[in-house]
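Residue numbers (the working numbering), protein chains in the order written: chain A, 53 to 371; chain B, 67 to 316; chain C, 946 to 1250.
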Amino acid sequence: MRPERKIYVAAAALVALALLPPIALGLDQDFYIDMFTRIMIFAIAAVSLDLILGYGGLVSFGHAAYLGIGSYAVGILAYHGFGNGFLQFGVAVAASALVALFVGWVSLRTSGVYFIMITLAFGQMIYFLGESINLYGGDNGLNIQQHSDFAGLLDLDDSTTLYYFVFAWLVLCLGFGWRLVNSRFGMVIRGTKSNERRMLSLGFRTFRYKLLAFVISGAIAGIAGALLANLTLFLSPSIMHWTRSGEIMMMVILGGMGTLIGPVFGAVVYLLFENLLSGFTEHWQAILGPFLVLVVLFSKSGLMGFSGRSRASAAKSNA
Amino acid sequence: MPDVLLETRGLQKHFGGLVATDDVSLAIETGELHAIIGPNGAGKTTLIGQLAGEIAPSGGHILFAGEDITALATPDRVARGLARSFQVTSIFPEFSVLDNVALAVQRHAGHSFRFWADARRDAALRRPAEILLRDLGLATRAGVAAGTLSHSEKRTLEIAMVLATRPRLLLLDEPLAGMAPEDSKRMVQILSRLKGQLTILLIEHDMDAVFSLADRLTVLVYGKAIATGTPEQIRANDQVRHAYLGDEAE
Amino acid sequence: MLAVAEQVLNGVQFGITLFLMAAGLTLIFGVMNLVNLAHGSLYMIGAYIAAATFNATHSFGLAIAAALAGTAAAGIAIEVVVFRALYRRDHLDQVLATFGLILFFNELVRMIWGATALYAQVPGFLAGQVEILPGVPYPTYRLAIIVAGLVVGLLIYVLVMKTRIGMLIRAGASDRTMVGALGVNITLLYTLVFGVGAALAALSGALAGPVFTVESGMGDDLLILAFVVIVIGGIGSIRGAFVASLLVGVVDTIGRAFLRQLFALVMSGFAADSAGPATASMLIYVLMAAVLFFRPQGLFPRESR
């Protein structure tokens, strides 16, 4: 899809999302507001994964861990009486970035299958960590007493306020992501995905760039986690389970990886689908599973691939 | 005494029982175009791999401008001015031709930890890239996806990218491979223009090109450098004739 | 001391369970270059079929046989329907597609056998304990698992290293086009290897049923550990899988058994209750990170590829 077209599609999607609360309230279907708040949170997580997966070619299968870390940062601070939103979000970002730094530093020494397995393993390690710390609920989870307090400026108790707060973050992430992938740094990352050997032979020490991208991606997912904690007011290690990482990855693929806006659509479709199916039958995973297999086998470029782009025209529009 | 830019001392490489590089000692002089020839399987690509830093030698040393670079990784060698083209063209097929060269320019045009400004509108990257493309005859293809170029165009693009890294020494692995005669001629013209501006170490099978371009030749057979000298010396060398050129050599 | 010996043996038993999983996984990856996340599902299916068969017939032999046959059938079905299309795809595609399979199978067993754990009991003739050393009793069943695993491990090793088929498997791993060109039916070879891998997983699951809980998703966490084992041992190496499995099994079990007590010596009981299990669960991954740091290709890396 051409960049110009992509921008229209993105704009349309964002406008639709912006208009959702008044429409939902008007139709007396308030629960859609919370539902789409959740969808947008996962969209942010999916966009953050797209940065390294779609643009960097790094198949990180432990991304849900950073969502969890962000959530836990907010929850743990709230538990100890630190309700300040600036502090909570700051710690969420810092903690996720730090963990991503460590995980990336070890994992990026490998590539291919090893990399996938190792990120999977680290993700699971963090999940087990969350499960075993009883002070913060262990595997029973922990209630969060109140929303993040941003110097009284925002009442996140109100669904609509929270919705627009998350929406603002989504727009910010998309904007930042867009500038990032087109910047010098972004070109190095994309070049590394395209042909790492060539990048090395041009003099780029690809490891440090990949690591930084990994950290940025983890930090953004941490923000998504902090937002999630505000939505659910509940901490649970299950958010970090590796199957959640798989779901986020599916959202990226479904929407179209390497497009930034695609994962937003992917999150919408995946979560709505899940919602729809589970209302239908309690065995919805038996339908979702094969559906995912089919998507992978037949439609690798996802929803964004439906405009039949050819390589030549794509590059032309990118030049 | 001419300046030696790239030197190997007793370079060795074994893969299990197979000796790919057998005690090779070369001294490439600054400004010369030095060709390495030899039959298939002689270990030429393995040699380039070690010089470029992709393959770790089993023994011996590599010196670049007097500095021992044997343990240095590829990016660090490129930073010192040692650049390389591949036997199988290695470019970024999804990017446009201009973007390919611009990315190569980027390495030396300031740092790459810039996260906001659009790289494609960065004149510091575009201008040098456009100039290089023009010099090599690819200016009209600048906006096209590199993957759609013809084989020769791709190889020319790769040369452009390699030149963008401002090398002092070029390692060229069979740049003429798979080229039609007219394209070969153009490539030879490009190479002869580069002669003198840069030091070039060239691996090639095309004997016409080699003998017309090279200042000196080294003949590699079964990983061993059996002779080094000017084209005339090599032509006259009996060992070489026997091992490689055969009796059909002119 | 007794406690330590018992936990070491438990660790070995866990290691053997892991080994059977990891061996199949590493074979499949080494030969077909296929990442199969659904390998844990095969383990689970084996466990379910074995438990269900035993509950119905009270015959251990029948239970094992049914588990092997049933899982092999399921495995071959997946291979033909899904994997044949995946061999040529990149690893990301394989990961995602097999992820979809996991969701499907986890739900399938819930649909057939319900959401609560299935009761799996130790067969009568293996119940009770055995004195392996004077004064050191150990559950007979767990010992049987260790023995069975060692026997199977040896068989696999002999198969891969000493037979013609094994030679084909190893050759297929290093150059599949060449082997195909030599007239060997690659498709059949792949199916065979996959069948062996599935059977190993099924055996592991069938034996593990009475020891661990038979429930949906039981294979997934084990699968991740199997991956860790392969990374530590080196992809494609049976020997590596064996060494790494025992290492991981013992370290993990000992850690879980004793770290809490160790911590309790220096901190409050409540803190130790968290710090112990937390550190224990991290131990394996720290081990993996350490191995990766010093030997990124694993302990027994494959030379040629």
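In this text, a Cβ means the ideal position worked out from N, Cα and C, and glycines have one as well.
Contact criterion: CB-CB distance below 8 Å. Does residue i meet it with respect to chain A?
i: I1177 (chain C); result: no
i: P1246 (chain C); result: no
i: D239 (chain B); result: no
i: H984 (chain C); result: no
i: I128 (chain B); result: no
i: S1249 (chain C); result: Its pLDDT being 35, under 50, S1249 (chain C) is placed unreliably by the model, and the measurement read from it follows with that caveat. Not an interface residue.
i: M1056 (chain C); result: yes
i: G1045 (chain C); result: yes
i: A1202 (chain C); result: no
i: E160 (chain B); result: yes
i: S1219 (chain C); result: yes
Report the rounded CA-to-CA distance for residue i versus residue j, giving the unit in angstroms.
i: Y131 (chain A); j: Q197 (chain A); result: 8 Å
i: S365 (chain A); j: V240 (chain A); result: In this prediction, S365 (chain A) has a pLDDT of 36, which is less than 50 and means its spatial position is unreliable; what the coordinates show is noted afterwards. One C-alpha to the other measures close to 22 Å.
i: R207 (chain B); j: L164 (chain B); result: 8 Å
i: V1236 (chain C); j: I170 (chain A); result: 12 Å
i: A183 (chain B); j: A190 (chain B); result: 12 Å
i: E248 (chain A); j: F237 (chain A); result: 14 Å
i: A1143 (chain C); j: T1136 (chain C); result: 10 Å
i: A86 (chain B); j: M227 (chain B); result: 29 Å
i: Q140 (chain A); j: N195 (chain A); result: 16 Å
i: A302 (chain B); j: G104 (chain B); result: 16 Å
i: V218 (chain A); j: I96 (chain A); result: 9 Å
i: R296 (chain A); j: M1227 (chain C); result: 20 Å
i: S1219 (chain C); j: A98 (chain A); result: 32 Å
i: A280 (chain B); j: T162 (chain A); result: 41 Å
i: G1128 (chain C); j: Y1032 (chain C); result: 19 Å
i: F1005 (chain C); j: G82 (chain B); result: 49 Å
i: E334 (chain A); j: I1057 (chain C); result: 13 Å
i: D188 (chain B); j: L252 (chain A); result: 22 Å
i: Y1083 (chain C); j: V1156 (chain C); result: 13 Å
i: K1107 (chain C); j: W230 (chain A); result: 56 Å
i: A152 (chain A); j: S290 (chain A); result: 19 Å
i: S1182 (chain C); j: F1245 (chain C); result: 7 Å
i: G360 (chain A); j: A1030 (chain C); result: The predicted position of G360 (chain A) is uncertain, since its pLDDT is 39 and thus under 50; a value taken from the coordinates is nonetheless stated next. So the two alpha carbons sit approximately 23 Å from each other.
My guess is that residue i and residue j are in contact by the Cβ rule of under 8 Å, so how many angstroms apart are they, rounded?
i: Y179 (chain A); j: M302 (chain A); result: Actually they are not in contact, since the Cβ atoms of Y179 (chain A) and M302 (chain A) sit about 18 Å apart, beyond 8 Å.
i: L1148 (chain C); j: V1103 (chain C); result: Contact doesn't hold; Cβ gap of about 17 Å is too wide.
i: L129 (chain B); j: E73 (chain B); result: 4 Å
i: V285 (chain B); j: A275 (chain B); result: 16 Å between Cβ atoms; not a contact.
i: L113 (chain B); j: I102 (chain B); result: 7 Å
i: I1169 (chain C); j: V1193 (chain C); result: Contact flag wrong, Cβ pair sits at about 11 Å.
i: G109 (chain B); j: G244 (chain B); result: Actually they do not touch by this definition, with Cβ atoms about 21 Å apart.
i: I1229 (chain C); j: V1195 (chain C); result: Wrong, their Cβ atoms sit about 11 Å apart, outside the cutoff.
i: G450 (chain A); j: F266 (chain A); result: Because residue 450 (chain A) is not part of the residues shown, which for chain A are 53 to 371, the question remains open.
Within the 8 Å Cβ cut-off, does residue i reach chain B?
i: L232 (chain A); result: yes
i: M239 (chain A); result: yes
i: N282 (chain A); result: no
i: G298 (chain A); result: no
Buried or exposed: where does residue i fall if 16 or more other Cβ atoms within 10 Å of its Cβ makes it buried?
i: F1238 (chain C); result: exposed
i: H984 (chain C); result: buried
i: Y60 (chain A); result: exposed
i: K220 (chain B); result: buried
i: L1099 (chain C); result: exposed
i: V1054 (chain C); result: buried
i: A211 (chain B); result: buried
i: M1212 (chain C); result: exposed
i: D1165 (chain C); result: buried
Using beta carbons (cut-off 8 Å, strictly below), is residue i in contact with chain C?
i: L340 (chain A); result: yes
i: A173 (chain A); result: yes
i: G164 (chain A); result: yes
i: H335 (chain A); result: yes
Please indicate yes or no: does the CB of residue i lie closer than 7 Å to some heavy atom of the ligand MN?
i: I990 (chain C); result: The model on display carries no ligand, and the ligand MN is accordingly not part of it.
Cβ pair count under 8 Å reaching 3, the stretch 269-281 of chain A against the stretch 310-330 of chain A: no
Three-pair Cβ contact test at 8 Å for the stretch 319-337 of chain A versus the stretch 121-129 of chain A: no
Segment contact flag, the stretch 946-953 of chain C with the stretch 138-157 of chain B, C-beta cutoff 8 Å, min 3 pairs: No: fewer than three Cβ pairs fall under 8 Å.
The stretch 1058-1072 of chain C touching the stretch 67-78 of chain B, judged by at least three CB pairs closer than 8 Å: no
At least 3 beta-carbon pairs within less than 8 Å: the stretch 74-83 of chain A vs the stretch 134-150 of chain A: Not touching, per the Cβ criterion.
Three-pair Cβ contact test at 8 Å for the stretch 1026-1042 of chain C versus the stretch 104-114 of chain A: yes
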